[in-house]
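In terms of my numbering, the sequence shown has 1332 at position 262, counting the first letter as 1, and numbering is strictly consecutive. All C-beta atoms, glycine included, are put in the ideal place defined by N, C-alpha and C. Have a look at the structure below before the remarks.
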Amino acid sequence: MKTKDFLVSGESFDLVFDAEQEMLVTFPTPKSEDLSKYYESDAYISHTDSDSGMLASIYQWVKKYSLSKKLKLITSLQKGAGSLLDIGAGTGDFLKLAKVHNWEVSGVEPNPGARALAKEKRIELEWSIDDCSGKQFDVVTLWHVLEHMPDLETTLKKIEALVKPGGHLIIAVPNYNSFDAKYYKEFWAAFDVPRHLWHFSRNSMKQLFSEQFHLRKTKPMIFDSFYVSLLSEKYKTRSTFSIRAFFIGLWSNIKAMGTKEYSSLIYCFKKEI
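This is the structure:
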């Protein structure tokens, strides 16, 4: 399938199926040193706290709602507070909330603007996961981050090493087998090329990690289908608000109640002791 960067450059990219891993790969893959230019847009709101405009307002509302759900999830898995590393921490809101609830927090965020906003919230973030080398945490989280990370195989090994034995690894990623992905095809906003380098299925996520990690459960991110459908309609029809997007998002969730193929899924892994 061919799609394009609707957000920044307008460049076209192919989605190549990797049969062994059961995932799609963005091709051509930008060089690591060129990736930052594809994030240089005011519309890339995960690096800001902006709520200007309808889509940004919806994003910030969903983010605030999701923060408490994320905290509840990691606390239930850990059976209380512990040490937390959030990779791709953005502007630090999740870590700020976790810190209030007695978690010992650390984070990684390569974007300097997002790191500066986190610092204003008294959350100090590292630039790279390499800065955390040698440390281990009770819980490591990546909320819509893994798909952005170059050199996937090497990166996964580094992430695995950051989890304590008996600890948890929580990863949220889009699911290209969802109904909204199949409906919008090349306009599906969660392809988000070339910022998203990898596009995962449920099967590919089960295969990625070593035998040390066991998948305990998956959980849907219900709001993602609505937000992604709104963005997809914008890319497809240039409409900033669409009733159709709401119904596509709703139908995607209804179908997924049977198929389990939600627009985005949270994978909860536990590392063997």
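- Just to confirm, are S1111 and V1132 a CB contact at a threshold of 8 Å? no
- Query: If you count every other CB in all the chains shown that lies within 10 Å of the CB of E1174, and 16 or more means buried, which is it?
  - Reply: Within 10 angstroms of the beta-carbon of E1174 lie fewer than 16 other beta-carbons, which makes it exposed.
- Task: Look up S1102 in the DSSP assignment and say whether it is helix, strand or coil.
- Result: helix
- Which same chain residues, not among the five before or five after K1169, have their C-beta less than 6 Å away from its C-beta? Within the same chain, K1169 has close Cβ partners V1175.
- Determine the DSSP secondary structure at P1182, reduced to helix, strand or coil. helix
- Can you tell me whether F1083 is buried or exposed, with buried defined as 16 or more other CB within 10 angstroms of its CB? buried
- Take the Cβ of F1097 as the centre, count every other Cβ of all protein chains shown within 10 Å, and call the residue buried at 16 or more, exposed below. exposed
- Query: Over what stretch of residues does the alpha helix (DSSP H) that includes R1272 continue unbroken?
  - Reply: Where R1272 is concerned, the enclosing alpha helix (DSSP H) stretches over 1272-1278.
- Message: Whether or not the segment 1238-1254 and the segment 1269-1281 are in contact is what I'm after, with contact meaning three or more pairs of Cβ atoms, one per stretch, closer than 8 Å; do they touch?
- Response: Result yes; three or more Cβ-Cβ pairs closer than 8 Å.
- Endpoints, the alpha helix (DSSP H) within which G1319 is located: 1313-1329
- Item | Within the segment 1226-1313, ranges of the beta strand (DSSP E) (whole runs, at least 3 residues) | 1233-1244, 1283-1290
- Pairwise C-alpha distance: R1265 and Y1109: 7 Å
- Message: Give the list of continuous beta strand (DSSP E) stretches no shorter than 3 residues that lie fully inside the segment 1144-1210.
- Response: 1153-1157, 1174-1178
- Message: Among E1256, F1296, K1340, whose alpha-carbon lies nearest the alpha-carbon of M1071?
- Response: E1256
- Could you say which of K1227, A1151, T1145, L1085 lies nearest to C1338 if we only look at CA atoms? T1145
- Item | Coarse secondary structure for V1132, derived from DSSP in three states | helix
- For the beta strand (DSSP E) containing I1336, list its first residue and its last residue. Here the beta strand (DSSP E) through I1336 covers 1334-1341.
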